[in-house]
Structures are given as structure tokens and as C-alpha cells.
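Q:
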Amino acid sequence: MERNTFKEAFAYALSLLGKRDYSLSALERKVKEHFPELGEEELELLRRELLSSGYVNELESARRYFLRKVEKGWGRRKIAYHLRALGFPDEVIKEVELTTPFDYTYIEREVLKLSRRKSREQIKRFLLQRGFSFSEANSLLKKIK
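Everything in the sequence shown is counted per numbering that gives the first Met the number 0, starting at 0 for the first residue and increasing by one.
1. Please state the DSSP three-state secondary structure of I143.
2. Helix, strand or coil for K117 per DSSP?
3. Which same chain residues end up closer than 8 Å to Q121 when comparing Cβ atoms and leaving out the 5 residues on each side of it in sequence?
4. Report yes if the CB atom of R124 is closer than 7 Å to the CB atom of K77, and no otherwise.
5. Pick helix, strand or coil for R19, following the three-state DSSP scheme.
6. Helix, strand or coil for F87 per DSSP?
7. How long is the line joining the alpha carbons of D107 and L139, rounded to whole angstroms?
8. Could you check if K71 is buried or exposed, using at least 16 other CB atoms within 10 Å of its CB as the buried criterion?
9. Going by alpha carbons, who is nearest to F65 out of S52, H81, I143 and N56?
10. Output needed for A136: all residues of its chain with C-beta closer than 7 Å, excluding positions within five of it in sequence on either side, in chain order.
11. I need the straight-line Cα distance from K117 to K142, nearest angstrom please.
12. Taking the alpha helix (DSSP H) that E36 falls in, what are its first and last residues?
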């Protein structure tokens, strides 16, 4: 591989990271689509360079994603599912789930609004679809008596 192609691939990866956060595997997939001529050793070099220079920090990216989705009223299960789909490793997802405080105020407000026009069963289904566990849904429903 020419050194120019690696530089271009690295610049492309940085331009992608300038727009939004990526998991390492998702970023690698995008770069590979754009530069199919890159070999496995070049991709490994790119991976190492991005990690060592601090351009990719999967833990912080996953934590930011987690907090954004909590503010939208998503539950832990749904967030974890989407993080997996975005290519974040299970260790990173578990670490984020364990170390990031979960704020229920956003979903509590939504549940209160829904309680004016929906039945408890409909609200429970809504919460389950949002990725909350049965116990979380029941505890949130207790607040709207």
C-alpha cells in the first residue's frame, strides 16, 4: 500500500469523527468501504494510530450516546441494544451501564403526561418498548396513582 493511501484513509477517518462519534469497528467499516484497497495490516495500523492519539475513545463515545438517549426517555435495554448495533464492544457497554448514573426524571415526566390520556397497561407497554424492565415499569407506574 502506498503511504498516500494510508494518509488519505486516516484523514477520512478524522473527517468522519469530526461529524460524530463512532465505535472503532464502525469507523473501520466506513473507512474500509471508502478505501477497499486497504489491507488488514494497514487497518490495524490505522486502529492503533486512532487509539493511541486519542481520536477514538469508545468508552466516552458510548457514555455520551447513553446520556443522550436517557434524556430522550430510553431505557437501559434499548440503549444497550443500539450501542451493540453501532459496534461497541460488550465490555464497553457494561462499563457504561455500571458507571453512568441513570436519571429517571425525563421518563417520569413523559409517564405523567401519558397518564392523562392512556391506561396503565398502555403506559406499561410504552415503557417496555422503550427498553425498561418490568420492575422499572412497575415502579414508574406507582408514581402516577
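Note that beta-carbon positions come from the ideal geometry of N, C-alpha and C, so glycine has one too.
A: Reading from the atomic positions:
1. DSSP places I143 outside both helix and strand once states are collapsed to three, so it counts as coil.
2. Coil.
3. L113
4. Contact flag unset, no.
5. R19: coil per DSSP, three-state reduction.
6. Three-state result, F87: coil.
7. For the record, residue 107 in the displayed sequence is Glu; it is not Asp. Their Cα atoms are separated by approximately 7 Å.
8. exposed
9. Closest in alpha carbon position to F65, among S52, H81, I143 and N56, is H81.
10. K123, L126 and L127
11. Each residue's Cα considered, the two are about 15 Å apart.
12. Per DSSP, E36 lies in no alpha helix (DSSP H) segment and is marked neither H nor E.
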